[in-house]
Ligand SMILES: Cc1ncc(COP(=O)(O)O)c(C=O)c1O
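In this note's numbering, the protein residues as written are 8 to 421.
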């Protein structure tokens with residue numbers, strides 16, 4: 008058996024991974040134009056507006072608004088629904104805090120649906136179980152860049168007369184049965200943070216076809232200030248989530264790049280999945296028929312029935328082989344509801360509001376074991392990062408190293 012690099016054997020990856028630059032002359036030009044214009048404020052500038060128009064065209068949606076982050080985008084989406092405090096919002100047990108922040112700021116109560124153990128997306132059957140008379144909305148998350156079961160989630164929402172929000176932070180330009188994620192829901196949110204497929208450093212976007220929501224979205228981004236000549240007189244609580252012209256300028260060009268980035272990541276990622284599928288004990292995220300995975304990440308399960316190593320040991324060995332690998336770190340290595348803020352019900356200082364409130368009639372807690380499949384996923388999975396700059400050789404090295412490590416631990420104690 009080949010000795011693992013971890014134990015002094017030779018390393019699988021001997022060549023550097025492909026790298027590249029995310030920004031080019033086009034971004035530079037746009038940013039310089041903004042500076043030359045002497046205007047960074049979106050109301051007086053043109054770049055945010057141009058970026059929004061481009062996004063509307065690409066997605067075939069009626070309204071797009073740029074904002075300051077993905078967290079802001081989800082908050083704006085929820086704010087636009089104008090749900091009364093105390094309503095429950097159902098979302099996935101595995102997601103970024105950015106999905107939850109806006110829920111809590113709106114004094115809404117998150118309810119976590121367990122995941123499908125093969126796709127790691129929210130299981131619609133679990134969503135059904137959580138719907139009740141207090142439910143106010145469903146937030147679908149396209150986790151890791153793999154489309155959620157969005158048609159079924161849409162049906163559940165329609166059956167119960169609930170609005171559906173799509174959190175597309177990790178799923179830029181990703182198709183579900185040929186239709187872009189972000190075009191199914193009443194309103195959808197995107198992130199342009201540093202780690203996302205395209206970026207403006209920080210930034211976000213909100214898409215909707217609903218005129219009634221659009222009206223509130225615009226106000227929610229901007230302190231409930233009218234920017235159309237109407238007299239200033241805020242009538243509800245709204246933060247300032249403005250996107251600057253600099254962000255708009257960069258995001259506008261980044262939108263031109265996204266189709267190619269997703270195509271390249273998809274080709275590389277699917278090659279990786281095919282390679283991993285033939286390794287006993289290693290189970291890559293399942294991509295159901297008709298779903299396009301844009302590979303923000305790839306989730307990989309190490310089957311404990313076959314591999315005699317913890318995920319941490321497996322990753323350590325892969326790292327030593329020259330393949331960067333992290334135990335499922337994306338959400339801090341735990342189901343989202345296991346964060347202290349939920350376990351301790353400490354969203355606001357000195358109070359368990361809105362989780363516990365006589366006024367809202369709420370008393371919700373988030374015990375360990377709440378979503379068993381999500382918790383198990385964190386014990387058994389790790390993530391591979393895929394970059395559009397990787398070569399097919401890089402991917403093949405990742406497969407080879409995984410096979411080497413799996414082989415070692417598969418046979419070791421048998
Ligand atoms: C699913 C999801 N939603 C929301 C966010 C929040 O986006 P941002 O970091 O731009 O605030 C993220 C970011 O990681 C995310 O992955």
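Glycine included, each C-beta is placed from N, C-alpha and C at the ideal position.
Could you pull the DSSP bridge partners for residue i from this structure?
i           : result
residue 211 : 74, 198
residue 291 : 307
residue 116 : 95
residue 390 : 306, 333
residue 122 : 129
residue 298 : 183
residue 216 : BP columns for residue 216 are empty, so no partner.
residue 229 : 247
My output table needs one value for residue i: the three-state DSSP class, helix, strand or coil.
i           : result
residue 334 : strand
residue 362 : coil
residue 273 : helix
residue 369 : strand
residue 355 : strand
residue 420 : Confidence in residue 420 is poor, its pLDDT being 48 and thus under 50, which makes the residue's placement too unreliable to answer from.
residue 401 : helix
residue 415 : helix
residue 265 : helix
residue 254 : helix
residue 396 : coil
residue 313 : coil
residue 205 : coil
residue 259 : helix
residue 407 : helix
residue 322 : helix
residue 242 : coil
residue 105 : helix
residue 279 : helix
residue 345 : helix
residue 384 : helix
residue 339 : coil
residue 221 : helix
residue 350 : helix
residue 79  : helix
residue 84  : helix
residue 110 : helix
residue 13  : helix
residue 379 : helix
For residue i, which residues of its own chain have a beta-carbon under 8 angstroms away from its beta-carbon, when the five flanking residues on both sides are left out?
i           : result
residue 46  : 52, 252
residue 318 : 309, 334, 335, 386, 387, 388, 389
residue 344 : 100, 117, 119, 350, 373, 377, 378
residue 74  : 80, 83, 210, 211, 212, 213, 228, 248, 249, 250
residue 139 : 95
Return the chain-ordered list of same chain residues with a C-beta closer than 7 angstroms to the C-beta of residue i, the five sequence neighbours on each side being excluded.
i           : result
residue 381 : 100, 101, 121, 122, 342
residue 112 : 82
residue 406 : 279, 282, 283
residue 424 : A question about residue 424 goes unanswered here, because the residues of the chain that appear run from 8 up to 421.
residue 20  : 328, 329, 330, 404, 408
residue 127 : 101, 150, 151, 292, 306, 384
residue 61  : 259, 262
residue 239 : 232, 233
Between which residues of its own chain and residue i is the CB-CB distance below 6 angstroms, once the five residues before and five after are set aside?
i           : result
residue 133 : 120, 121
residue 187 : 66
residue 395 : 268, 271, 272
residue 332 : 322, 325, 326, 389
residue 22  : none
At least one CB of chain B closer than 7 angstroms to the CB of residue i: is that the case?
i           : result
residue 387 : Within the model displayed, chain B is absent; a lone protein chain is all it includes.
Exercise. Taking only runs that begin and end inside the region 130 to 201, name each unbroken beta strand (DSSP E) of 3 or more residues, in chain order.
Key: The beta strand (DSSP E) runs lying completely inside the region 130 to 201 and spanning 3 residues or more are 142 to 148, 171 to 174, 194 to 198, given in chain order.
Practice problem: Would you mind listing the alpha helix (DSSP H) stretches within the region 18 to 69 that are 4+ residues and don't spill past its ends, in chain order? | Solution: The qualifying runs are 32 to 44, 54 to 66.
Quiz prompt | Touch test, the region 201 to 211 against the region 264 to 273, Cβ-Cβ under 8 angstroms, three pairs minimum | solution = The region 201 to 211 makes contact with the region 264 to 273: 3 or more CB pairs, one atom from each, lie closer than 8 angstroms.
Self-check item: Contact the region 78 to 96 vs the region 205 to 224: 3+ CB pairs below 8 angstroms
Solution: They touch, by the three-pair rule.
Quiz item: For the region 244 to 259 against the region 91 to 103, are there 3 or more C-beta pairs whose distance is under 8 angstroms?
Solution: No, they do not touch.
Self-check item: Three-pair Cβ contact test at 8 angstroms for the region 270 to 280 versus the region 297 to 317
Solution: Per the Cβ contact rule, the region 270 to 280 is in contact with the region 297 to 317 (3 or more Cβ pairs under 8 angstroms).
Self-check item: Given 8 angstroms, three or more beta-carbon pairs between the region 135 to 146 and the region 87 to 94
Solution: A contact exists between the region 135 to 146 and the region 87 to 94.
Quiz item: Within the chosen definition, does the region 367 to 381 reach the region 310 to 317 through at least 3 CB pairs nearer than 8 angstroms?
Solution: The region 367 to 381 vs the region 310 to 317: no contact.
Quiz item: Do three or more CB pairs link the region 27 to 42 to the region 156 to 175 at distances below 8 angstroms?
Solution: Touching, no, given that fewer than three Cβ pairs across the two stretches are closer than 8 angstroms.
Quiz item: Any chance the region 181 to 197 sits against the region 164 to 171, with 3 or more Cβ pairs inside 8 angstroms?
Solution: Judged by Cβ distances under 8 angstroms, the region 181 to 197 makes contact with the region 164 to 171, as three or more pairs qualify.
Exercise. Give a yes or no on contact between the region 165 to 180 and the region 285 to 296, applying the rule of three or more CB pairs nearer than 8 angstroms.
Key: They do not touch, by the three-pair rule.
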